[in-house]
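Chemist: Protein sequences, first through last, are from chains A and B.
In case it helps, my numbering puts the first sequence at residues 505 to 910.
In case it helps, my numbering puts the second sequence at residues 505 to 910.
Yeah, the Cβ is synthetic: ideal placement off N, Cα and C, and Gly gets one too.
Predicted, not measured: the structure shown is a model, and the values here were computed from it.
There are 2 protein chains.
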Amino acid sequence: MKLNTNYANIGKNYLFAEIARRVEAYKAKNPGAKIVRLGIGDVSGPLAPAVIEAMHKAVDDEATKERFHGYGPEQGYAFLREKIAASDYVSRGIDMSADEIFVSDGAKSDCANFQELLSPEAKIAVADPVYPVYVDSNVMAGRGGAETGGRHDGIVYLECNRANGFTPGPDQAKGCDAVYLCFPNNPTGAVATRERLQEWVDWANATGALLLFDAAYESFVRTPGVPKSIYECEGARGCAVEFRSFSKTAGFTGTRCGFTVVPEGIAARAPDGTELSLRKMWSRRQTTMFNGASYISQRGAEAVYSPEGAAQCKAATDFYLENARLIKEALVSRGLPVCGGDDSPYLWVETGASGWDMFDRLLEEAQVVVTPGEGFGRAGAGFIRISSFNSRENTLEAIDRLGRTL
Amino acid sequence: MKLNTNYANIGKNYLFAEIARRVEAYKAKNPGAKIVRLGIGDVSGPLAPAVIEAMHKAVDDEATKERFHGYGPEQGYAFLREKIAASDYVSRGIDMSADEIFVSDGAKSDCANFQELLSPEAKIAVADPVYPVYVDSNVMAGRGGAETGGRHDGIVYLECNRANGFTPGPDQAKGCDAVYLCFPNNPTGAVATRERLQEWVDWANATGALLLFDAAYESFVRTPGVPKSIYECEGARGCAVEFRSFSKTAGFTGTRCGFTVVPEGIAARAPDGTELSLRKMWSRRQTTMFNGASYISQRGAEAVYSPEGAAQCKAATDFYLENARLIKEALVSRGLPVCGGDDSPYLWVETGASGWDMFDRLLEEAQVVVTPGEGFGRAGAGFIRISSFNSRENTLEAIDRLGRTL
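#1: What's the gap between the Cα of arginine 803 of chain A and the Cα of alanine 589 of chain A?
#2: Look at the alpha carbon of leucine 621 of chain A and the alpha carbon of aspartate 640 of chain B, and state the distance between them as a whole number of angstroms.
#3: Within 8 Å (strictly less), CB to CB, does glutamate 566 of chain A reach chain B?
#4: Pull out every residue of the stretch 776 to 804 of chain A whose Cβ sits closer than 8 Å to any Cβ of chain B, in chain order.
#5: Counting only beta-carbon atoms, is threonine 652 of chain B nearer than 8 Å to chain A?
#6: Considering only residues of the same chain and omitting the five flanking positions on each side of serine 591 of chain A, which have a CB-CB separation below 6 Å?
#7: So phenylalanine 863 of chain A is in the alpha helix (DSSP H); what residue range does that whole segment cover?
#8: Check whether the stretch 555 to 567 of chain A and the stretch 828 to 840 of chain B are in contact - that is, three or more C-beta pairs closer than 8 Å.
#9: Using the beta-carbon of each residue, which ones in chain B are nearer than 9 Å to serine 544 of chain A?
#10: Alpha carbon to alpha carbon, how far is glutamate 528 of chain B from arginine 905 of chain B?
#11: Is cysteine 761 of chain A closer than 8 Å to alanine 797 of chain A when the C-beta atoms are compared?
#12: For arginine 541 of chain B, which residues in the same chain have their Cβ closer than 6 Å to its Cβ, ignoring the five residues on either side in sequence?
#13: Could you list which residues in chain A have their beta carbon closer than 9 Å to that of isoleucine 451 of chain B, in chain order?
#14: Using the C-alpha atoms, what's the distance from isoleucine 544 of chain A back to proline 876 of chain A?
#15: Helix, strand or coil for proline 688 of chain B per DSSP?
#16: Using the C-alpha atoms, what's the distance from tyrosine 850 of chain B back to glutamine 579 of chain B?
#17: For the stretch 839 to 859 of chain B, which residues have a beta carbon sitting closer than 8 Å to at least one beta carbon of chain A?
#18: Can leucine 507 of chain A and serine 623 of chain B be called in contact, C-beta distance under 8 Å?
#19: Which same chain residues end up closer than 6 Å to arginine 666 of chain B when comparing Cβ atoms and leaving out the 5 residues on each side of it in sequence?
#20: Tell me, please, whether the CB atom of tyrosine 635 of chain A is closer than 8 Å to any CB atom in chain B?
#21: Indicate whether at least one CB of chain A lies closer than 8 Å to the CB of valine 547 of chain B.
#22: From serine 608 of chain A to alanine 708 of chain B, what distance separates their C-alpha atoms?
#23: In whole angstroms, what is the alpha-carbon distance linking alanine 677 of chain B and glutamate 736 of chain B?
#24: Does valine 563 of chain B have its Cβ less than 8 Å from a Cβ in chain A?
#25: Which value, in whole angstroms, describes the spacing of the CA atoms of glutamate 869 of chain A and glycine 881 of chain A?
#26: Between isoleucine 556 of chain B and chain A, is there a C-beta pair that is closer than 8 Å?
#27: Give the DSSP bridge partners of valine 660 of chain A, in chain order.
#28: In whole angstroms, what is the alpha-carbon distance linking valine 594 of chain A and cysteine 817 of chain B?
#29: At a Cβ threshold of 8 Å, is lysine 538 of chain A touching chain B?
#30: Compare the Cα-Cα distances from threonine 727 of chain B to each of B:Gly549, B:Trp704, B:Val695, B:Leu714 and report the closest residue.
#31: What does leucine 851 of chain A pair with, by DSSP beta-bridge criteria?
#32: Are there 16 or more other CB atoms within 10 angstroms of the CB of alanine 682 of chain A, so buried, or fewer, so exposed?
#33: Distance check for alanine 834 of chain B and alanine 915 of chain A, CA to CA, integer angstroms please.
#34: Roughly how many angstroms lie between the CA atoms of methionine 793 of chain B and serine 749 of chain A, to the nearest whole one?
#35: Would you give the residue range spanned by the beta strand (DSSP E) that leucine 716 of chain B belongs to?
#36: Is the stretch 765 to 779 of chain B touching the stretch 560 to 577 of chain B, taking contact as three or more C-beta pairs under 8 Å?
In structure tokens, the structure reads:
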């Protein structure tokens with residue numbers, strides 16, 4: 505059987521599956537332990553009342569002959585795409601049409617699938633540390649090559665460290681065809697200034713590279729002037745794709761809905777001279793390989809844009825940000841260097857110890873689950889990621905326990 | 505920008521997107537026309553009451569802190585996978601474990617994505633006529649090559665015609681690494697005998713090829729002895745993957761849920777000697793590139809296996825099968841050769857005329873939308889596919905109008 509041998513180049517387990525495995529093993533041995541999970545970036549719910557109401561209505565639609573919705577447009581219903589274009593972009597002064605929005609079952613799928621539009625020979629760059637999906641999807645597709653010391657030969661890694669404020673610049677991406685950027689960042693919680701993003705956009709337009717901008721955490725931005733979208737930069741419509749999610753904005757981690765923006769302006773010429781529109785390619789990919797997000801989830805997502813829905817979702821992100829502030833305060837007061845936690849639900853904490861060792865120690869001594877920094881890349885060694893997605897009670901409990909262990 | 509130039513090798517539009525475009529254009533010119541759609545294979549709803557009830561409950565779960573479900577297992581919840589393994593397989597005498605079931609947002613995604621596990625050099629075979637997703641996803645991935653006369657150089661086409669009862673045998677698939685089979689078939693409505701499927705399984709086990717078996721329409725099988733699953737054949741657990749969908753079984757075309765079966769038994773050796781388990785590869789693919797189907801949809805799918813849910817869904821497929829019987833009776837009485845419509849919601853009708861011409865003629869003269877046979881491949885020329893997914897009233901109206909035109 506002729507299989508895709510690139511699978512031999514990736515780690516055995518997806519990072520969060522490995523964390524789940526270790527936690528399950530610990531629970532099996534310690535059935536009474538009260539574990540607090542600050543590991544995976546999953547919201548603690550519940551969904552906003554406006555979303556619940558909209559989804560009940562949508563379920564009722566599916567119970568009637570008249571309002572039944574079967575196959576929808578693969579790109580997503582116009583009712584949702586128009587709200588997204590108007591509320592997330594046009595109302596904020598950004599030129600955007602509903603035809604440039606592609607609704608999906610979540611940003612993870614889109615972030616993972618988008619590389620299919622690139623040539624197998626395309627050179628890609630990712631940050632280090634990085635959300636593993638960008639790397640693994642490219643490795644599976646053959647752009648990674650063998651792994652040496654936690655890095656794949658074929659991929660360019662943009663070192664993120666305290667010196668560059670965890671926001672690398674294009675000087676590290678020479679010769680790359682596509683660059684994944686994520687701000688507010690997962691895992692570091694860092695945000696990029698508009699000036700830094702503009703450097704990337706200018707570089708991409710000058711070199712013909714593509715920016716793949718993951719804005720899944722934009723709804724946590726509170727500091728005035730911090731960009732929520734790559735399209736706040738001049739010229740971004742000519743070189744940047746943006747991934748967005750309702751998972752963190754509105755707690756849709758189990759409901760599954762996100763979207764990708766592919767502006768009409770990205771014109772590209774393949775090496776053989778063929779002119780290909782990136783928007784049309786993504787449209788062809790999605791219409792052929794995907795059948796649209798659940799109608800019920802799309803109606804739920806629509807409600808995120810109602811005045812009530814928006815206020816309820818903002819209250820939830822405010823709540824997580826307050827958790828983040830409390831955790832940050834406690835860790836900083838202990839002298840630990842912490843990045844993130846201001847415009848982001850994540851804190852990137854320098855503990856100095858090896859990530860999986862620290863993971864196991866915190867699990868065993870404090871019954872707190874964090875994410876080991878090296879799970880996000882070599883430059884993550886010595887760090888842990890702490891997520892603020894939890895109840896206040898659990899957060900305070902975790903702060904107390906972490907304080908005794910760290 | 506280094507793009508995937510294989511996109512230049514596929515037709516501009518996905519078949520059903522092209523049909524939608526032509527229907528919209530006709531409607532714009534003829535705003536009063538009452539169009540009956542027997543084109544796309546979409547159910548006419550509504551969902552079964554048991555499914556509706558389960559989804560309302562699931563939405564309510566998402567409204568509470570205690571029962572909120574965020575990220576679920578990428579492979580699907582055990583509550584659903586266990587029901588699937590028990591009801592669709594074990595109760596029918598087929599060995600199957602819940603760990604071999606992978607729940608997704610639908611069979612289209614899985615059918616399209618599964619080729620990622622194959623080497624770019626793998627030789628694939630498809631039937632002609634064929635559901636376009638198998639072909640297009642492979643062409644985009646580089647296994648198709650250029651198109652000449654409606655066929656891609658790199659793909660092997662298994663001719664389906666009246667002589668072989670529209671069920672080709674492995675004699676046509678020499679040298680192929682993977683073969684897509686679909687029974688009951690889309691588009692021809694043909695079913696395969698157990699003997700025919702056993703020939704395929706024996707051939708695959710003898711040659712080391714992989715069978716990708718699409719059983720999306722199994723719930724329409726009524727004739728005793730006609731296989732509903734490839735695993736009814738001896739040895740299939742060693743060579744076959746099976747795709748299933750709740751779309752046609754339970755009207756989930758807008759709810760989005762399906763599943764893929766990858767048995768533990770498919771052991772494979774890559775060309776470089778690396779041993780790769782296909783089940784583990786698919787697990788790695790799904791955990792990395794997908795985040796699970798909507799919790800609400802999975803709860804809805806679970807209800808399909810309750811006694812009430814099963815009875816309600818069976819009544820719906822019975823209803824469509826009666827539509828199919830009525831259409832078939834009318835066409836046969838007019839002397840048209842018809843395949844399918846017995847254990848399948850589709851009828852494959854030989855009209856002799858070119859597919860798109862016949863499509864346009866039926867749209868303009870009868871305001872009936874069908875699917876042009878050549879949209880499914882060169883061997884589909886001279887045929888149209890008629891779908892029985894509709895109300896009785898519309899079906900009778902379409903029979904009347906088709907009778908006057910054909």
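Modeler: Judging by the given coordinates:
#1: So the two alpha carbons sit approximately 16 Å from each other.
#2: 14 Å
#3: yes
#4: Asp776, Thr778, Leu780, Leu782, Met785, Arg788, Arg789, Thr791, Thr792, Met793, Phe794, Asn795, Gly796, Ala797, Ser798, Tyr799, Ile800, Ser801
#5: Closer than 8 Å: no.
#6: Tyr809
#7: Start and end: 859 to 865.
#8: no
#9: The amino acid at residue 544 of chain A is misidentified as serine; the sequence shows isoleucine. In chain order: Gly574, Tyr575.
#10: 20 Å
#11: yes
#12: Val873
#13: The question about residue 451 of chain B has no answer, for chain B in this structure spans 505 to 910.
#14: Cα to Cα, the separation comes out at about 11 Å.
#15: coil
#16: 31 Å
#17: none
#18: yes
#19: none
#20: no
#21: At least one CB of chain A lies nearer than 8 Å to the CB of valine 547 of chain B.
#22: 36 Å
#23: 22 Å
#24: yes
#25: 25 Å
#26: yes
#27: Bridge partners of valine 660 of chain A according to DSSP: A:Ala629.
#28: 44 Å
#29: no
#30: Looking from the CA of threonine 727 of chain B, the closest CA among B:Gly549, B:Trp704, B:Val695, B:Leu714 belongs to B:Val695.
#31: According to DSSP, which records beta bridges pairwise, leucine 851 of chain A is partnered with A:Gly844, A:Ile890.
#32: Counting Cβ neighbours within 10 Å, alanine 682 of chain A comes out buried, since at least 16 surround it.
#33: Missing from the structure shown is residue 915 of chain A; chain A here goes from 505 to 910 and no further.
#34: 15 Å
#35: It spans 714 to 718 - the beta strand (DSSP E) in which leucine 716 of chain B sits, taken as one unbroken run.
#36: no
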